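Asks:
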Amino acid sequence: MPFKLLRHGLGARPRRMWHDRPLKDRYDVVIIGGGAHGLACAYYLARDHGVTDVAVLEKSYIGSGGSGRNTAILRSNYLTPEGVRFYDASLDLYEGLSADLDFNVMFSRRGHLTLAHDDGSVRTMRRRAEVNRLEGVDSRLVFPDELASICPQLDLSDRPRFPIHAALYHPPGGIIRHDAVVWGYARGADERGVDIHQYTEVTGIDVAAGAVTGVQTTRGPVAAGTVLSATAGWASDLAAMAGLRLPLDTFPLQACVTEPLKPFLDVVVVSGSLHVYISQSGRGELVMGASVDPFTSYSTAGSLDFLEGLSGHVLELFPFLSQVRILRQWAGLCEMPPDYSPLMGVTPVRGFFLDAGWGTYGFKASPICGKTLAELIATGRTPGLIHPFRLSRFAEFDPVGEKGAAAVGH
């Protein structure tokens, strides 16, 4: 019997995954937001660039925000070449993340189906498939005869109000355990000397002569020459503290899970027309969600309207689930830019960097966000992968129109 297993069996307490260290009055880098993005950036700063005088500040416990309120679906079959390259690089990092962190993040490659219910949707899926193939991403259009073998549980008859004409099939897509990703990055960053401060809310950002000089927190001021905003839902408020106005609107995004069922759904299924997506977790729960709520809000409460609409749309696809019970629901906050692509990189305030505007698609980008922003902070050079997502693109009339692949971006 392995010694580690014997030690746990005898009641020995496991080692803390990260430490509670005193909050210093100065750091080289302060990262606001203790989710997957912020922790990944801290990890890659330490691992790849030797920058370890870093503080990650989280107003609650790590992973309590968007990282703990998403549905952990991974894919790279986006619509624009810029988006496809970016998310495919993230998917590559995710596939090797367990080995990299020496921590099981429970990545499961399932395949990903985006359904088309009319001729217009079929044309869009064909276009996406061609863009994906040109960028070297495995993605193709499939029709009902092949769909029947990929996901035989779907109602492929002509009885539904929205019959399925075709689907974009993306075999590399899958799911992951979101809290494991957060814990793995936190442990890896902590082992390399990064300070992780939970329950430390940033209440102000200090700026002098056009450059950031530090932050104000509920535990006192912290000086820093570099500050990264890596929050989900609150980026506009943080940017305003530095005197910036961001082109973002914040909407709730609701999701829910059912009681555990025997495994039957091997792929992730998404329907943009029905505004629904569904996958099955390793515990057997069906994880389901829809598009963002139709109004701006900072509320994370669930609603009956969401459950009623979602249930009807799920039953359009899987009529046999009518007796399955929903156990719980929740909501997260999504910041939606005008072109449905993120805001990353430098800002007009020197030393203040953005990792924001992630809409419904932020968690799947966590590794590549952390890696590229760490490179930017350490070297001062913007990596090519994130250059298209610069804040200045709106003033330059150079948007990255991703709505077709990200409006129900799961």
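Here the sequence shown stands for residues 725 to 1134, numbered as in the working numbering.
Even for Gly, the Cβ is constructed at its ideal location relative to N, Cα and C.
Here the structure is a predicted model, which means the values were calculated and not measured.
#1: Might you give, ordered along the chain, the residues of its own chain that have their beta carbon closer than 6 Å to the beta carbon of Y785, omitting 5 neighbours on each side?
#2: Beta-carbon separation of T890 and A840 under 7 Å?
#3: For a quick check, are the C-beta atoms of L878 and L1041 less than 7 Å apart?
#4: What's the gap between the Cα of T838 and the Cα of F1113?
#5: What residue from A966, G912 and T1084 has the CA that sits closest to K1127's CA?
#6: Would you mind giving the Cβ-Cβ distance between L1115 and T1096, rounded to the nearest angstrom? I have them listed as a contact below 8 Å.
#7: With DSSP run on the structure shown, which of helix, strand or coil describes P1112?
#8: Between which two residues does the beta strand (DSSP E) carrying D752 extend?
#9: Excluding the five sequence neighbours on either side, which residues of its own chain have a C-beta within less than 6 Å of the C-beta of M965, listed in chain order?
#10: Is it the case that the Cβ atoms of L781 and V981 are separated by a distance below 7 Å?
#11: Identify whether G1013 lies in helix, strand or coil by the three-state DSSP scheme.
#12: Within a Cβ cutoff of 8 Å, which residues of the same chain sit near L1100, ignoring the five residues on either side of it in sequence?
#13: For A779, is the beta carbon positioned less than 6 Å from some heavy atom of the ligand SAM?
#14: If contacts are defined as beta-carbon pairs under 8 Å, then T924 and R943 qualify, I think. What distance do you get, rounded to the angstrom?
#15: Tell whether a beta-carbon distance below 7 Å holds between L1057 and G957.
#16: Once you ignore the five residues that flank G917 on each side, which residues in its own chain have a CB closer than 6 Å to its CB?
#17: Which full runs of the alpha helix (DSSP H) of 4+ residues lie inside the stretch 1014 to 1085, going along the chain?
#18: On the DSSP bridge list, what partners appear for H894?
#19: Could you tell me which residues DSSP puts in a beta bridge with T950?
#20: Quick one: residues in its chain with C-beta nearer than 6 Å to the C-beta of G1013, no 5 flanking neighbours on either side, listed in chain order?
#21: Per DSSP, D930 is paired with what?
#22: Tell me the residue span of the alpha helix (DSSP H) that contains Y909.
#23: What beta strand (DSSP E) runs, 3 residues minimum, are completely inside the stretch 784 to 869?
#24: What separation, rounded to the nearest whole angstrom, lies between the Cα atoms of D919 and P1091?
#25: Report the start-end ranges of each beta strand (DSSP E) in the stretch 946 to 1007 that is 3 residues or longer and not cut off at the edges.
#26: Could you give the DSSP three-state label for A1119: helix, strand or coil?
#27: What residues match up with V1124 in a beta bridge as DSSP calls it?
#28: For G897 versus G967, is the C-beta spacing smaller than 7 Å?
Replies: Reading it off the structure:
#1: Q922
#2: It should be noted that the sequence gives Ala, not Thr, for residue 890. For A890 and A840, yes; Cβs fall inside 7 Å.
#3: yes
#4: Between T838 and F1113, the C-alpha separation is close to 25 Å.
#5: When each option's Cα is compared against that of K1127, the closest is T1084.
#6: Rounded, the Cβ-Cβ distance is 15 Å, inconsistent with contact.
#7: If DSSP states are grouped into helix, strand and coil, P1112 belongs with the helices.
#8: R750 to I756
#9: G928 and I929
#10: no
#11: If DSSP states are grouped into helix, strand and coil, G1013 belongs with the strands.
#12: G1069, V1070, F1077, T1106, P1107 and I1110
#13: Among the components of this structure there are no ligands whatsoever, and the ligand SAM is therefore not found.
#14: 5 Å
#15: Taking a C-beta distance under 7 Å as the contact criterion, L1057 and G957 qualify as a contact pair.
#16: Counting only Cβ-Cβ distances below 6 Å, and skipping sequence neighbours, we find T776.
#17: Counting whole runs of 4 or more residues, the stretch 1014 to 1085 contains the alpha helix (DSSP H) stretches 1028 to 1041.
#18: The beta-bridge partner set that DSSP reports for H894 consists of H836.
#19: V753
#20: T795, A979 and Y1001
#21: G938
#22: H902 to E915
#23: Inside the stretch 784 to 869, DSSP marks whole beta strand (DSSP E) runs of 3 or more residues at positions 836 to 840 and 864 to 866, from first to last along the chain.
#24: 19 Å
#25: 973 to 982, 992 to 995 and 1000 to 1004
#26: coil
#27: DSSP output for V1124 lists no bridge partner at all.
#28: no
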